[in-house]
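First comes the structure, then the notes that go with it.
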Amino acid sequence: MVKVDEIKKIGMNKKLVLVFCIVLAGCQGNSQNKKMAVENSDEAAASYKVTKTEAEWQKELTPEQFYVLRKAATENAFSSDLLDNKKKGVYVCAACGTELFKSEHKFDSGTGWPSFDREIPGNVAYDVDYKIGYKRTEEHCAVCGGHLGHVFDDGPSATTGQRHCINGVALKFVPTDK
Ligand code: FE
């Protein structure tokens, strides 16, 4: 009887050890995945000249700017103060100050978002997203990666035919000095 009890005890211990190993392996697996994800996001961030942590961006930007620029949200149509701005100047990234669009390329698209028929070459980068179910060309600041908006092919046919549909909250306007 004693022997049987001892065997049972050993069996129990083995089971406990086995459970412990599985839990440990599981944890290691998770932490490895997390480490890889962090490394990947660091790699992506490292490709931009201006890189900041999410906490740093959150501290520097207003909540609206943060959600649009860093979380690729879209501001409400007709909400931007820059929508009807017709002054001469340049529109810069609200996050890093890079010049993105010129006032002479701004046009009234009627969509409720500031629109331009072209970007300042080299300062805007492009990507593809399927967020609302169909393919769109996303555009972002080439220097900090901040999300700006999308570009469509239904712009003014007399010029480029492009419509850069930009969140006004992602931009700051710098008037030309007179
Ligand atoms: Fe930027």
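Sequential numbering of the sequence shown, starting at 3, is according to this note's numbering.
C-beta: ideal position from N, C-alpha, C; glycine also.
Every value quoted in this text rests on a predicted model; they were computed, and no experiment measured them.
The alpha helix (DSSP H) that contains residue i, what's its start and end?
i, result
"E56", "56-62"
Residue i lies in the beta strand (DSSP E); which residues open and close that run?
i, result
"A79", "Looking at the DSSP string, A79 is not in any beta strand (DSSP E), and its letter there is neither H nor E."
"H107", "H107 -> no beta strand (DSSP E), and no H or E assigned at all."
"D156", "Where D156 is concerned, there is no enclosing beta strand (DSSP E), given that its DSSP letter is neither H nor E."
"D129", "126-131"
"E121", "Run containing E121: none; DSSP gives neither H nor E here."
"R2", "Shown here, the chain extends from 3 to 180; a query on residue 2 therefore has no answer."
"K51", "Segment: none, K51 is in no beta strand (DSSP E) and carries neither H nor E."
"T139", "138-143"
Tell me which same chain residues have a C-beta within less than 6 Å of the C-beta of residue i, skipping the five on either side of it?
i, result
"K108", "F118"
"A97", "L71, C146, G148"
"K174", "V94, A96"
"Y128", "T139, E141"
Checking contacts by CB at 8 Å: is residue i closer than that to chain D?
i, result
"A79", "Judged by its chain identifiers, the structure shown contains no chain D, having just a single protein chain."
Quick check on the burial criterion: 16 or more other C-beta atoms within 10 angstroms. Buried or exposed for residue i?
i, result
"V130", "exposed"
"I134", "exposed"
"F68", "buried"
"P65", "exposed"
"A160", "exposed"
"A79", "exposed"
Which same chain residues, not among the five before or five after residue i, have their C-beta less than 7 Å away from its C-beta?
i, result
"I122", "E101, L102, F103, K104"
"Q164", "D119, R120, V153, D155, G157"
With a CB to CB cut of under 8 Å and the five nearest residues on each side skipped, what residues in its chain are close to residue i?
i, result
"P177", "K89, K90, G91"
Since residue i and residue j are thought to touch, with beta carbons under 8 Å apart, how far apart are those beta carbons, to the nearest angstrom?
i, j, result
"V153", "T139", "5 Å"
"I168", "G151", "4 Å"
"A144", "G124", "7 Å"
In the DSSP assignment, what are the bridge partners of residue i?
i, result
"G91", "P177"
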